[in-house]
């Protein structure tokens with residue numbers, strides 16, 4: 458976190474238009490500086506002036522798919538961290554196929570998705586079985602299937618060379634050898650659109666500030682987002698609010714989070 | 458409302474990029490699960506995995522118009538409810554013409570707009586007379602012209618086969634025979650962008666959960682949104698806030714609304 | 458301000474999709490009525506029904522660039538105020554080149570940007586030296602270089618015929634002869650995405666209501682936004698919130714601002 462504050466990393470985001478404003482505000486809140494640009498005519502230049510890149514496949518279209526591929530290849534060439542958020546992978550052939558192309562042409566530093574999306578990424582699930590952009594109930598990580606999720610995440614990390622983050626009620630952030638099991642977060646976070654997209658922005662900013670250790674940077678980002686969700690819900694409840702106010706306090710808490718607070722509130726174990 | 462909570466309907470939204478995040482959050486708050494997708498290459502598949510579809514003509518473009526038509530036809534083929542929000546109909550030929558095409562090629566379950574837009578839908582008004590995306594003053598529903606609005610809405614419902622919702626200071630939700638006159642809501646809702654778009658999302662979610670009775674589902678959604686607006690403004694005022702805080706509390710209240718609270722707060726009569 | 462309340466000017470915005478919802482809400486809060494439309498097939502008609510136009514080069518693309526040019530020329534032909542926000546000018550050739558084309562083909566009433574963007578506009582800086590969408594540290598307006606910024610702004614105003622607003626820690630709003638130096642605002646405004654875009658919307662609304670005096674209208678808008686930022690941060694702090702809550706209160710305060718409050722809180726001097 459100190460690295461982020463010190464470096465104020467510029468993060469290029471090609472992300473869906475549903476949650477793009479929340480992603481920008483969250484990147485700012487976590488210490489980064491976001492820039493959104495998705496036209497093929499400028500993405501390579503924008504990636505080149507940035508410290509990291511986040512690619513998100515929500516509301517993708519014929520114009521933005523080549524932009525994602527070009528930006529990803531540029532980041533690879535320049536050695537900048539690239540994070541993939543395969544939103545809706547499995548929900549349509551276009552998204553699944555785009556994720557496949559991205560995995561083929563771009564080396565990712567971190568891949569972060571919900572359990573359904575990550576199963577598509579791991580090709581453990583045929584296209585079409587996802588439930589929209591939310592994780593299917595059968596895919597959710599639970600105490601029962603946790604060992605299996607950890608094993609799958611490590612295996613996928615080994616195959617792709619990327620840190621693999623499967624987020625949900627329990628989050629797993631894994632490299633080929635080591636995995637963090639994270640129990641921060643609050644169930645109401647699911648009722649706010651874009652908590653996943655925002656987390657991806659934070660992961661990208663923190664990896665951009667700590668390119669030498671993406672596993673720890675990603676795990677810290679996942680803890681931080683979950684902890685802010687807990688604090689935001691508590692505060693919203695105290696103030697007589699609900700999910701609307703929670704969304705606002707989520708950004709509030711990210712902006713106020715200190716290393717000490719994160720250290721104290723994180724619920725992590727090695728898996 | 459119980460149906461929505463039980464079914465958690467997936468709602469495919471092709472909606473403008475101005476208010477899309479607020480629509481997504483409102484669909485979540487009212488018990489649905491939103492998915493936004495607007496590329497011709499994926500909309501039919503996305504519609505097919507969803508329980509309902511919402512089409513909104515704000516910020517439409519050459520790429521999204523065929524997407525709306527294709528998604529609408531797919532929903533019709535599969536028997537899923539489709540809601541039309543003719544944002545800005547009458548403000549440009551492109552919007553008026555798109556609305557015309559949509560009405561020609563898609564059977565709508567509900568059409569919801571302000572009085573100016575609904576006049577264009579009813580072809581009672583030549584293109585160009587709308588005042589942007591807000592209702593023109595001369596079109597507003599008042600106690601004076603209420604009977605006429607109710608008659609017009611019923612007539613349009615008869616002609617289109619859709620439930621017709623003309624929303625404003627007084628809301629009219631009509632089938633061919635029966636109409637609900639709803640006096641919930643607060644004038645400050647006009648000062649928040651997208652209250653109409655958000656309402657359309659709620660209508661789509663509630664119709665998706667109650668496809669057998671779209672008239673009552675739509676009327677309940679209109680009551681709920683109006684009631685949440687009243688509660689949100691009261692709370693914002695109590696807390697020393699204004700329209701910004703009201704917007705947040707609107708989602709808060711939708712997330713907290715119970716059947717009992719709606720029953721108690723609704724201001725409906727038959728027309 | 459009285460003019461805005463009385464006229465409720467319609468403002469056509471072609472603006473980036475990151476902050477578009479916040480811009481719409483801010484235009485409403487400051488007394489205007491926003492309409493967003495960016496397809497070449499409708500922009501000229503939309504501009505023609507509006508009282509003012511705001512063009513913003515964030516997330517521009519191959520489809521929206523001709524729309525901006527066409528809308529700008531239409532506004533010029535009809536004598537409506539046009540405001541340019543050259544977001545990210547200098548960050549990519551596409552943005553710099555688009556700004557150049559806009560300046561060549563459209564007469565602007567006001568040009569508002571941060572110091573890095575305005576240096577690109579003034580061609581004092583080669584393309585590529587900007588730091589994303591935020592001002593570079595070396596460009597920031599300070600007490601040390603204030604005289605120089607004021608001189609540059611006046612000179613640019615003379616050359617372009619537009620009111621020139623260079624905003625940052627200290628804001629300068631200049632015509633060829635006269636400049637206002639404005640010290641309202643709060644450093645935390647930088648940590649919210651889109652405060653610049655929102656200000657551009659307010660400038661466009663206030664110029665649309667006061668087309669005869671764009672210099673004073675723009676200066677008043679800059680004061681108002683800064684003052685609302687101060688009030689919003691104070692209130693967020695008092696309530697135990699941070700940047701998230703500040704963003705909400707920014708719109709709250711704009712909606713509640715009166716001429717008397719603005720008069721009392723403004724920190725302006727002539728330069």
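Protein chains in written order, with the numbering used here: chain A, 458 to 728; chain B, 458 to 728; chain C, 458 to 728.
For every residue, glycine included, the Cβ atom is placed at its ideal position computed from N, Cα and C.
Residue 529 of chain C and residue 537 of chain C have their alpha carbons spaced roughly 9 Å apart. Between the alpha carbons of residue 557 of chain A and residue 565 of chain C lies a distance of about 46 Å. The beta carbon of residue 541 of chain A lies closer than 7 Å to those of 512, 559, 565, 568 in the same chain, with the five residues before and after it left out.
Per DSSP, residue 624 of chain C lies in no alpha helix (DSSP H) segment; the continuous beta strand (DSSP E) that holds it begins and ends at 620 to 624.
At a beta-carbon threshold of 9 Å, none of the residues of chain C lie near residue 538 of chain A; the nearest stands roughly 16 Å away. Residue state for residue 591 of chain B is assigned as strand, using DSSP reduced to three classes. A distance below 8 Å separates the beta carbons of residue 711 of chain A and residue 487 of chain A. Counting other Cβ atoms within 10 Å of its Cβ, residue 502 of chain B reaches 16 or more and is therefore classed as buried. One thing to note: residue 631 of chain C has its Cβ no nearer than 8 Å to the Cβ of residue 661 of chain C.
The alpha-carbon of residue 547 of chain A is positioned some 21 Å away from that of residue 485 of chain B. In the displayed model, residue 470 of chain C falls within a strand according to three-state DSSP. Residue 725 of chain B is a Cβ neighbour of residue 676 of chain B, given a cutoff of 8 Å. Counting along the chain, residue 490 of chain C sits inside no alpha helix (DSSP H); it lies in the beta strand (DSSP E) bounded by residues 490 to 493.
The beta-bridge partner set that DSSP reports for residue 615 of chain C is empty.
Neighbourhood of residue 548 of chain B in chain C, by CB distance below 9 Å: 492, 494, 499, 502, 503, 506, in chain order. Taking a contact to require three or more Cβ pairs closer than 8 Å, the region 514 to 528 of chain A and the region 488 to 500 of chain A qualify as touching.
With contacts defined by Cβ atoms closer than 8 Å, residue 659 of chain C and residue 682 of chain C form a contacting pair. For residue 638 of chain C, the enclosing beta strand (DSSP E) begins and ends at 636 to 639. Beta bridge pairing from DSSP links residue 571 of chain B with B/624. For residue 721 of chain A, the closest of A/641, A/563, A/673, A/520 by C-alpha to C-alpha distance is A/641. Residue 619 of chain B places its beta carbon 8 Å or farther from that of residue 629 of chain B. Residue 462 of chain A is classed as exposed because its beta carbon has fewer than 16 other beta carbons within 10 Å across all chains shown.
Distance between residue 693 of chain B and residue 626 of chain B, taken at the CA atoms: about 20 Å. At a cut-off of 8 Å, the C-beta of residue 465 of chain B has no neighbouring C-beta in chain C. Ranked by how close their Cα comes to the Cα of residue 714 of chain A, the residues A/696, A/689, A/697 have A/689 in first place. Per DSSP, residue 515 of chain A is not a residue of any beta strand (DSSP E), being assigned neither H nor E. In terms of CA proximity to residue 570 of chain C, C/596 leads the group C/706, C/479, C/596. Here residue 472 of chain C is near residue 493 of chain C, since their CB atoms are less than 8 Å apart.
At a cut-off of 8 Å between beta carbons, residue 481 of chain A contacts chain C. Shortest Cα-Cα distance from residue 563 of chain A to any of A/535, A/465, A/599 involves A/535. In chain order, 473, 474, 475 place their CB closer than 7 Å to the CB of residue 516 of chain C, counting only its own chain and leaving out the 5 sequence neighbours on each side. Against chain C, the beta carbon of residue 520 of chain A has neighbours under 9 Å at 518, 519, 520, listed in chain order.
The bridge partners DSSP lists for residue 630 of chain B are B/622, B/637. Contacts with chain A (Cβ-Cβ distance below 9 Å) from the region 634 to 660 of chain C involve 645, 647, 648, 649, 650, 651, listed in chain order. The three-state reading of DSSP puts residue 540 of chain A in strand, counting E and B together. Using beta-carbon distances, residue 475 of chain C counts as an interface residue toward chain A, with a partner under 8 Å.
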